[in-house]
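Shown next, in C-alpha cells, is the structure this report addresses.
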Amino acid sequence: MSLINYSSREINCKIVYYGPGLCGKTTNLQHIYSRVPQETRGKMISLATEMDRTLFFDFLPIELGQIRGFRTRFHLYTVPGQVYYNASRKLILKGVDGVVFVADSQIDRYEANIESLMNMHDNLAEHGLSIEKIPMVIQYNKRDLPRVVSVPDLEKELNPQSHPYYEAVAFRGTGVFDTLKLACKQVLKQLG
Amino acid sequence: MVKGNWALFEEDFWAINQILQTLMRSSSARSVMLIDKTGQLINSIGEPPGFDVTSFSSLAAADFAANEQLAEMVGETDFATLVHQGAKDSLFLQLISNRVILVVLFDRKTSLGLVRLKARRASDELLDVLQRLFEKLQYRNEEVGPPSLGADFAAEAESEIDSLFRD
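Chains as they are written, first to last, in numbering that gives the first Met the number 0: chain P, 0 to 191; chain S, 0 to 166.
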C-alpha cells in the first residue's frame, strides 16, 4: 500500500524481507546499507535481542531521488524469522507493496523454508493480501555452503508459480542487489 | 475503509497542514507529525526534529501495532492513545480512523492535559478531512483504478534503480 503525496510530491513504498530464522534477511539489509551512497540511505534500525537475533524488525529507508518530480523512497523491512514471533511478522506485513522471500538453501533448513512460506501466505491473507496481488522475488541464499538443496528442487517446492528468483551469498553481497533491484522495479511497475 | 494504494492530494494536504499548525500552536507543542499506520510519514511540522523522522515514523507505527495486539489480549479493541513520558520530552500518540497516527512531541513548557485536549479537537477535524479523502480514494481505486504516475515514470525509475543499487 504505497503512499503517494501529490502535495509534497513524495512516493513511499514498503518492501518486506521474509524467510525462516537465520536465512540472511538482516544480512541482506546490512549489505545494502554498507554499499549504497550515504546520502541515499537513512538510519538502519534493528530491534534485535542481545544475541543479535531480530526481535521485531530491521528497517532501512532508501531514497531513489527525484523521479519525474516525485521524491521516491523504499522502506525496507525484515521480519523476525523465529517461529514464535508470528504476531510481529503479521504486523510488519501490513501495507506491504512487495516481498522478498529469502530461502536458506541448506538441506537442514528445507522444511523451515516451506513452513515460513506457508506462514507468509497465511499472514498476508489476514491483511486481505495474496502473493498473486503483490510482487515477490525469491532469493536462494547460502549457495556457497557444502550441503545445499539444488535450485531445481527448491524451485519445485517453494516456487510453483515461477516468481523470479536469484541465487545469493548474502554475507558476500552476491545476489543482494539483483534481488533488491527486481523487487523495487516490480513494485514501481505496479504504481505506474 | 479505502483499500489499495492511497494518495494525498494538494487540497487535503493543506487542510491537514492547517489543523496540525493550529494544534501545535494551541498546545505549545514542539512538533506534530501525522503518520500512516503502516509507518510512512504524511506530514511533520514544528521544530525540525533532531532525529530521523522516517525511522521515527516506522517505530511509532510499530509501537502502535504492538500495543494494538496487547489491547486485544486484554479484551480491548485498541488503545487509541499512547503516552510516553520522559524527563524532558514526552510523546502523545492518537490513532485516527484506524488509519493514521497523530503524534505530538512536547516538553515541560506545556502539560499532558492540554496536549490531550487539543489533540482530541484536532483528531475530530482530521477525521473529517480523512473521511473525505478516503471516499475520494475509494472511488478512484474501485471505479477509476489507482492514480497513475505516467508511463515514463517506471522507465525512469528503473534506470535510477540500476545506477543506485550496484556493488
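For glycine and all other residues, C-beta sits at the position ideal for the given N, C-alpha and C.
Where do the ends of the beta strand (DSSP E) carrying residue i lie?
| i | result |
| --- | --- |
| Ile-41 of chain S | 40 to 45 |
| Ser-96 of chain S | Counting along the chain, Ser-96 of chain S falls outside any beta strand (DSSP E), and DSSP gives it neither H nor E. |
| Glu-10 of chain S | Not the beta strand (DSSP E): Glu-10 of chain S falls in the alpha helix (DSSP H), residues 9 to 26. |
| Val-148 of chain P | Unbroken run through Val-148 of chain P: none, as it is neither H nor E. |
| Arg-72 of chain P | 69 to 77 |
Along chain S, in chain order, which residues have C-beta atoms closer than 8 Å to that of residue i?
| i | result |
| --- | --- |
| Ser-45 of chain P | None at all; the shortest Cβ gap to chain S is about 11 Å. |
| Arg-70 of chain P | Within 8 Å Cβ-Cβ: nothing; Arg-70 of chain P doesn't reach chain S, min ~11 Å. |
| Gly-172 of chain P | Asp-166 |
| Leu-28 of chain P | Neighbours of Leu-28 of chain P on chain S: none; closest Cβ ~13 Å, over 8 Å. |
Determine the DSSP secondary structure at residue i, reduced to helix, strand or coil.
| i | result |
| --- | --- |
| Lys-13 of chain P | strand |
| Thr-173 of chain P | strand |
| Val-1 of chain S | Confidence is the limiting factor: at Val-1 of chain S the pLDDT is only 43, short of 50, which leaves the residue's position unreliable, though a coordinate-based value still follows. Coil, per DSSP. |
| Ile-31 of chain P | helix |
| Thr-37 of chain S | coil |
| Gln-185 of chain P | helix |
| Gly-64 of chain P | strand |
| Ala-47 of chain P | strand |
| Thr-39 of chain P | helix |
| Glu-75 of chain S | coil |
| Val-82 of chain S | strand |
| Glu-131 of chain P | coil |
| Asp-127 of chain S | helix |
| Ser-162 of chain S | helix |
| Leu-111 of chain S | helix |
| Asn-4 of chain P | strand |
| Asp-62 of chain S | helix |
| Asp-151 of chain S | helix |
| Phe-55 of chain S | helix |
| Ala-6 of chain S | strand |
| Phe-133 of chain S | helix |
| Ser-161 of chain P | coil |
| Leu-116 of chain S | helix |
| Gln-81 of chain P | coil |
| Leu-59 of chain P | strand |
| Leu-153 of chain P | helix |
For residue i, which residues in chain P fall below 9 Å Cβ to Cβ?
| i | result |
| --- | --- |
| Ile-95 of chain S | Result: empty, since nearest Cβ-Cβ is about 15 Å, beyond 9 Å. |
| Phe-12 of chain S | Asn-4, Tyr-5, Ser-6 and Ser-7 |
Below 6 Å CB to CB, which residues in the same chain sit around residue i once its five sequence neighbours on both sides are set aside?
| i | result |
| --- | --- |
| Glu-9 of chain P | Arg-70 |
Does residue i pass the burial test, meaning 16 or more other C-beta atoms within 10 Å, or should it be called exposed?
| i | result |
| --- | --- |
| Thr-48 of chain P | exposed |
| His-120 of chain P | exposed |
| Leu-163 of chain S | buried |
| Val-73 of chain S | exposed |
| Phe-50 of chain S | exposed |
| Arg-165 of chain S | exposed |
| Ala-111 of chain P | buried |
| Lys-155 of chain P | exposed |
| Glu-155 of chain S | buried |
| His-74 of chain P | buried |
| Asp-96 of chain P | buried |
In chain B, what lies closer than 9 Å to residue i by C-beta?
| i | result |
| --- | --- |
| Glu-124 of chain S | In the structure shown, chain B does not exist; the protein chains are P and S. |
Short of 8 Å in beta carbon distance, which residues of its chain neighbour residue i, apart from the five on each side in sequence? Order them along the chain.
| i | result |
| --- | --- |
| Thr-39 of chain P | Ile-61, Glu-62, Leu-63 and Gly-64 |
| Tyr-32 of chain P | Arg-40, Met-43 and Leu-59 |
| Asn-16 of chain S | Asn-42 and Ile-44 |
| Ser-87 of chain P | Leu-54, Phe-55, Phe-56, Val-78 and Pro-79 |
| Glu-157 of chain S | none |
Quick one: what's got a C-beta closer than 7 Å to residue i's C-beta in the same chain, skipping five residues either side?
| i | result |
| --- | --- |
| Ala-210 of chain S | As shown, chain S starts at 0 and ends at 166. That puts residue 210 of chain S outside it, with no answer to give. |
| Ile-137 of chain P | Phe-100, Ala-102, Leu-157, Asn-158, His-162 and Tyr-164 |
| Ile-91 of chain P | Val-15, Phe-56, Tyr-76 and Val-78 |
| His-126 of chain P | Leu-92 and Lys-93 |
| Arg-146 of chain P | Gln-105 and Ile-106 |
| Leu-179 of chain P | Ile-31 |
| Asp-143 of chain P | Val-168 |
| Leu-94 of chain S | Phe-63, Asp-77, Ala-79 and Ile-100 |
Hey, could you find the ends of the alpha helix (DSSP H) residue i is sitting in?
| i | result |
| --- | --- |
| Val-99 of chain P | First-last for Val-99 of chain P: 97 to 103, but that is the beta strand (DSSP E), not the alpha helix (DSSP H). |
| His-120 of chain P | 109 to 125 |
| Ile-91 of chain P | 85 to 91 |
Residue i touches chain P at which residues, Cβ-Cβ below 7 Å?
| i | result |
| --- | --- |
| Leu-163 of chain S | Val-35, Thr-39 and Leu-63 |
| Glu-159 of chain S | Leu-63, Gly-64 and Ile-66 |
| Ile-100 of chain S | Going along chain P, no residue has its Cβ under 7 Å from Ile-100 of chain S, so there is no contact; the nearest lies around 13 Å. |
What in chain P is Cβ-close to residue i, meaning under 8 Å?
| i | result |
| --- | --- |
| Ile-18 of chain S | The premise fails here: Ile-18 of chain S is roughly 14 Å from chain P at the closest Cβ pair, so nothing lies under 8 Å. |
| Glu-9 of chain S | Tyr-5 and Ser-6 |
| Leu-33 of chain S | Within 8 Å Cβ-Cβ: nothing; Leu-33 of chain S doesn't reach chain P, min ~11 Å. |
| Leu-148 of chain S | Ile-3, Ile-10, Arg-67, Phe-69, Leu-190 and Gly-191 |
Name the chain S residues whose beta carbon is nearer than 9 Å to that of residue i?
| i | result |
| --- | --- |
| Pro-60 of chain P | Asp-51, Thr-53, Ser-54 and Ser-57 |
| Ser-97 of chain P | First, the residue type needs correcting, since residue 97 of chain P is Gly and not Ser in the sequence shown. Residues of chain S passing the Cβ test: none, with the nearest at roughly 13 Å. |
| Ala-86 of chain P | Ala-65 and Gln-68 |
| Leu-75 of chain P | Ordered by position in chain S, no residue passes the 9 Å Cβ test against Leu-75 of chain P, which lies about 10 Å from the chain. |
| Leu-179 of chain P | Ile-160 and Phe-164 |
Find the residues of chain S that neighbour residue i, judging by a C-beta separation of less than 7 Å, and give them in chain order.
| i | result |
| --- | --- |
| Lys-24 of chain P | The premise fails here: Lys-24 of chain P is roughly 16 Å from chain S at the closest Cβ pair, so nothing lies under 7 Å. |
| Phe-176 of chain P | Phe-164, Arg-165 and Asp-166 |
| Phe-55 of chain P | Ala-61 |
| Leu-123 of chain P | Simply none; closest approach about 14 Å. |
Any heavy atom of the ligand GTP within a distance shorter than 7 Å of the CB on residue i?
| i | result |
| --- | --- |
| Leu-104 of chain S | As presented, the structure is devoid of all ligands, the ligand GTP included, so that no description of it is given. |
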